[in-house]
Each structure stands twice: as C-alpha cells, then as structure tokens.
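Input: a single structure, listed below in structure tokens.
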C-alpha cells in the first residue's frame, strides 16, 4: 500500500502548486529562472542585548525543491539570492535571508518536496 502520509502530502502539494501559486523570478548573481511559488509568511522572535523581544515578519516563497534549478541541477536558497514578484506594474524585490542567524530556508514538509524561502523586501521597481 505504501506510505499513505507520503501520498497525501504529494496530493496536497499538487493542489497547492496548481491552485495557490504564482510565477516569480528567482535570481542568484546573473543567473535567473521563473518558478511557481506560493506566498507565505513566518514570524521570527529574537531578543536584543537588553532582553527585549523583537518580532520580525518574513515574506516567504514556497517553491518545489526540484523546480529551483539554475541549469546545473537543483540548488538550495542562500542568503543574498533575490526573488522578484510582479504585481500589476510594480516589481517587488526580495532578498533571501532570515533574521537572528536563522537559516534562509527550511523544508516545508517532512518529505522535502517544498522549500520555504525566507525573504525581506528591499526594493520596488
């Protein structure tokens, strides 16, 4: 019968990808490619030197792990990469990163099908 949870996760990923994603441009240096991404967010908390808790919200892009390929095989996101999202006539530019020494991405499911890429808005064109 196989792994029922794995099959269920694959079904849900297919539905998310088909019905809840939009085309964005992923860029690393001069290399770039279009990928389908679902928009999300993550809230991070970090304490400063005085012990105050600061909350920072990241705009996340959920992308299929195998889709993030700049030509030499699938890659993992790294700090400094960019995601460009077009909304109407505006292009919103986001830089891949996460506050407080957190990794710039995490897997969004136990089967590592989907990457949750953490970003911050750096420009609007």
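Residue numbers (my numbering): 1083 to 1207.
For glycine and all other residues, C-beta sits at the position ideal for the given N, C-alpha and C.
For clarity, every value in this text was computed on a predicted model and none was experimentally measured.
So if DSSP puts residue i in a beta bridge, which residue, or which two residues, is it bridged to?
i            : result
residue 1164 : 1109 and 1177
residue 1126 : 1138
residue 1093 : BP columns for residue 1093 are empty, so no partner.
residue 1156 : 1151
residue 1101 : According to DSSP, residue 1101 bridges with nothing at all.
Please classify residue i as buried or exposed, where buried requires at least 16 other C-beta atoms within 10 Å of its C-beta.
i            : result
residue 1140 : buried
residue 1203 : exposed
residue 1180 : buried
residue 1163 : buried
Taking just the CA atoms, how far does residue j sit from residue i?
i            : j            : result
residue 1122 : residue 1098 : 12 Å
residue 1135 : residue 1127 : 6 Å
residue 1176 : residue 1161 : 11 Å
residue 1205 : residue 1174 : 6 Å
residue 1116 : residue 1092 : 22 Å
residue 1166 : residue 1188 : 20 Å
residue 1132 : residue 1138 : 17 Å
residue 1090 : residue 1192 : 12 Å
Using a Cβ-Cβ cut-off of 7 Å (strictly less than) and excluding sequence neighbours within five positions of residue i, which residues of its own chain qualify?
i            : result
residue 1120 : 1098, 1102, 1103 and 1144
residue 1105 : 1116 and 1118
residue 1146 : 1099, 1195 and 1196
For residue i, which residues in the same chain have their Cβ closer than 6 Å to its Cβ, ignoring the five residues on either side in sequence?
i            : result
residue 1190 : 1144, 1196 and 1198
residue 1172 : 1206
Rounded to whole angstroms, how far is the Cβ of residue i from the Cβ of residue j, which I believe are closer than 8 Å?
i            : j            : result
residue 1156 : residue 1148 : 6 Å
residue 1169 : residue 1200 : Going by Cβ atoms, the distance from residue 1169 to residue 1200 rounds to 20 Å, so no, they are not a contact pair.
For residue i, which residues of its own chain have a beta-carbon under 8 Å away from its beta-carbon, when the five flanking residues on both sides are left out?
i            : result
residue 1086 : none
residue 1113 : 1152 and 1153
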